[in-house]
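All residue numbers for the sequence shown refer to our numbering, where the first residue is 56 and numbers rise by one. Worksheet: the structure to be examined is printed underneath.
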Amino acid sequence: MAYSVPNRDTIQAPSGGPLLTEDKNPRYFEELHLPEPLVRGIEDAGFERLTPIQQRTLPPALEGHDVAGQAQTGTGKTAAFLLALFNRLLTREPDPQRRPTQPRALIVAPTRELAIQIHRDAVNLARHSKLRIAVVYGRAGYDAHKKRLAGGGGG
């Protein structure tokens, strides 16, 4: 299922999740009822209104549906997928068999620059939570990356 919105954003719900119609889209972050640490990160970032791509993708993503979206640079795609991921991490207990240093999520980016940008956004949005965030990319100090990951993130 694919849906095009007027500004040429394309959203797909591969899992068959619902896509909202214009009149049912949330317009403000507060309408999403996110955990308090995320609300504070959103406020710190100065976000108030959802962008069109966020209006269409966040509600089904927050419900656990798979969503794929395509939109112009700067429309809030990164914040949308980070908020959905962080919401899941903050509202569900980790597997009891998980060791404290094992990652609970992994984001893969095609370039170092995008990895760094995603890391920066992740740190800003999750700053009031106890989530530990790390970035690892090629052609950088292996030992420093290894140390960060061994410590469970946080840098």
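Ideal Cβ placement from N, Cα and C applies to all residues, glycine included.
Please name the residue, chosen from the options, that lies closest to residue i on a Cα-to-Cα basis.
i	options	result
L89	L138, P151, L204	L138
A100	S184, T130, N179, R187	N179
R159	L186, V191, R167, T166	L186
P107	V190, A134, I171, T130	T130
A164	A181, P155, G193, Q152	G193
Q110	T128, V94, L87, E98	L87
A134	R104, R167, A199	R104
R143	K79, L113, E98	L113
What does the alpha-carbon distance come out to for the pair residue i and residue j?
i	j	result
F141	P81	19 Å
S184	P92	5 Å
D176	D121	21 Å
T146	E118	12 Å
Y83	E148	27 Å
R63	Q127	Summary for R63: the model assigns pLDDT 44, below 50, so the residue's position carries little reliability; its value from the coordinates is reported in the next sentence. Going from the Cα of R63 to the Cα of Q127 covers about 8 Å.
K202	K79	46 Å
F136	V94	15 Å
E168	K132	16 Å
D198	F102	36 Å
Spatial neighbours of residue i within its chain, please: C-beta separation below 7 Å, excluding the five flanking residues on both sides.
i	result
V257	Outside the shown range of the chain (56 to 210) lies residue 257, about which nothing can therefore be said.
G96	N179, L180, A181, R182, H183
A205	T156
I162	I173
Opposite residue i in the DSSP bridges: which residues?
i	result
R104	Y83
A134	Partner(s): none; A134 has no beta bridge.
A170	DSSP output for A170 lists no bridge partner at all.
Apart from the five residues just before and just after residue i, which ones in its own chain have a Cβ nearer than 8 Å to its Cβ?
i	result
R153	R159
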